[in-house]
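Protein chains: 2
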Amino acid sequence: MPTQTAAQRRAEARAAYDAYLATCPARELLDRISDKWVTLILNALADGPRRYSDLGRTIAGVSQKMLTQTLRALERDGLVTRSVTPSVPVRVDYELTPLGTSLLPIVRAVKDWAQTHIAEVHAARASYDAPAGEPE
Amino acid sequence: MPTQTAAQRRAEARAAYDAYLATCPARELLDRISDKWVTLILNALADGPRRYSDLGRTIAGVSQKMLTQTLRALERDGLVTRSVTPSVPVRVDYELTPLGTSLLPIVRAVKDWAQTHIAEVHAARASYDAPAGEPE
DNA sequence: CAGTATCCCTCATGATACTG
DNA sequence: CAGTATCATGAGGGATACTG
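If you read the sequences in order, they're chains H and E. Take 274 as the starting number for the first sequence in the numbering used here and just add one per residue. Take 274 as the starting number for the second sequence in the numbering used here and just add one per residue.
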């Protein structure tokens, strides 16, 4: 294992990784976090740990598969922790890690932007879709 | 033909937007902007107008199809403008609108986060993937 | 130069059913 | 409760060829 500190690794990362490059691993990570389920799940975890079923209820319309799949990916990437309480029935809580917390303000901003500007976007679409000579 | 176009119907947006609700249009918009090509294109337009081929070169690995398709979607959503200069050969410039500019800081943050924290994420993955009893 | 038009295929996602 | 397993669908996206 290298003797580098996290800070040193971060500094190196900034220089070495350019998401514009197709071959760059940052591309893959960018695609990973540019995901609506990721955005919604991280936002849902903003106020502390939450249970699996609780998340499923908050994020209406998410399938069990996508919820589990996304949570596993987030856990693997070190953005959330998964803690099992061996009670009966079993209880599982998910919580943001420091790394996940560092991403939270950003995905929160994404979600907020979508909610705030949707009317403008819809207006733009209506205008774009309207036939050329269409009167206002 | 119906008196109302699909676009007009969409334009009749409802007041309460909550991206957590599955039926909410904000969900669709969230998914739209949570896209790696959107993130990369908006970032590439940060410093002013750029030509089609210029964008294609900057965002290495993007196919013509995805570049055109994403630019069209962004134009329709009112995030970028498309201006054609009828020279020979033709010249097309894309530029952020005020609405697009309002999203820029956010997608920039997403891209920067990916580039900055990729080493940590990779470390987390290695740790997650390692067999349980594996020595450090 | 800046696209458009096809073909084609993989993978992401949803629905459903089952389990410790 | 918190998943896992399986199947089916279709949208995402690349490669290629053509055009004003």
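All C-beta atoms, glycine included, are put in the ideal place defined by N, C-alpha and C. Nothing here was measured: the structure is a model prediction, and the numbers come from that model.
Backbone CA spacing between residue i and residue j [nearest angstrom]
| i | j | result |
| --- | --- | --- |
| A399 (chain E) | T374 (chain H) | 20 Å |
| Y325 (chain H) | V365 (chain H) | 6 Å |
| Q337 (chain H) | G329 (chain H) | 8 Å |
| R305 (chain H) | A346 (chain E) | 21 Å |
| K384 (chain H) | T312 (chain H) | 7 Å |
| M339 (chain H) | R355 (chain E) | 36 Å |
| I379 (chain H) | P362 (chain H) | 35 Å |
| H395 (chain E) | Y367 (chain H) | 20 Å |
| R323 (chain E) | S307 (chain H) | 24 Å |
| I391 (chain H) | S360 (chain H) | 43 Å |
| A292 (chain H) | V335 (chain E) | 12 Å |
| N316 (chain H) | G321 (chain E) | 32 Å |
| S318 (chain H) | A319 (chain E) | It is worth fixing the name first, because residue 318 (chain H) is Leu in this sequence and not Ser. Approximately 31 Å, taken between the alpha carbons. |
| E285 (chain E) | W310 (chain E) | A caution first: E285 (chain E) carries a pLDDT of 37, below 50, which makes its placement in the model too unreliable to give a value. |
| V353 (chain E) | I332 (chain H) | 30 Å |
| W386 (chain E) | T370 (chain H) | 15 Å |
| Q388 (chain H) | D402 (chain H) | 22 Å |
| E301 (chain E) | R349 (chain H) | 27 Å |
| L376 (chain H) | L372 (chain E) | 23 Å |
| R381 (chain E) | D327 (chain E) | 19 Å |
| I314 (chain E) | L344 (chain E) | 8 Å |
| S393 (chain H) | Y290 (chain E) | A small correction: the amino acid at residue 393 (chain H) is Glu; Ser does not occupy that position in the sequence shown. Taking the straight line from one Cα to the other gives about 13 Å. |
Neighbour-count burial assignment, residue i, 16 or more Cβ in a 10 Å radius
| i | result |
| --- | --- |
| L298 (chain E) | Checking the displayed sequence, the identity of residue 298 (chain E) turns out to be Pro instead of Leu. So P298 (chain E) counts as buried. |
| T358 (chain H) | exposed |
| G351 (chain E) | buried |
| L303 (chain E) | buried |
| Q342 (chain E) | exposed |
| A295 (chain E) | exposed |
Range of the contiguous alpha helix (DSSP H) that encloses residue i
| i | result |
| --- | --- |
| T374 (chain H) | P371 to D402 |
| D327 (chain H) | Y325 to T331 |
| L315 (chain H) | K309 to A317 |
Where residue i falls: helix, strand or coil (DSSP)
| i | result |
| --- | --- |
| S219 (chain E) | Given that chain E is displayed from residue 274 to residue 409, the structure contains no residue 219 (chain E) and the question cannot be resolved. |
| V361 (chain H) | coil |
| A288 (chain H) | Reliability fails at A288 (chain H), whose pLDDT of 39 lies under 50, so the model's placement of it is uncertain and the value that follows must be treated cautiously. It is helical. |
| D366 (chain E) | strand |
| Y293 (chain E) | coil |
| P298 (chain E) | helix |
| L303 (chain H) | helix |
| V335 (chain H) | coil |
| A346 (chain E) | helix |
| T278 (chain H) | Caution applies to T278 (chain H), whose pLDDT of 46 falls short of 50 and renders its modelled position unreliable; the model cannot decide the point. |
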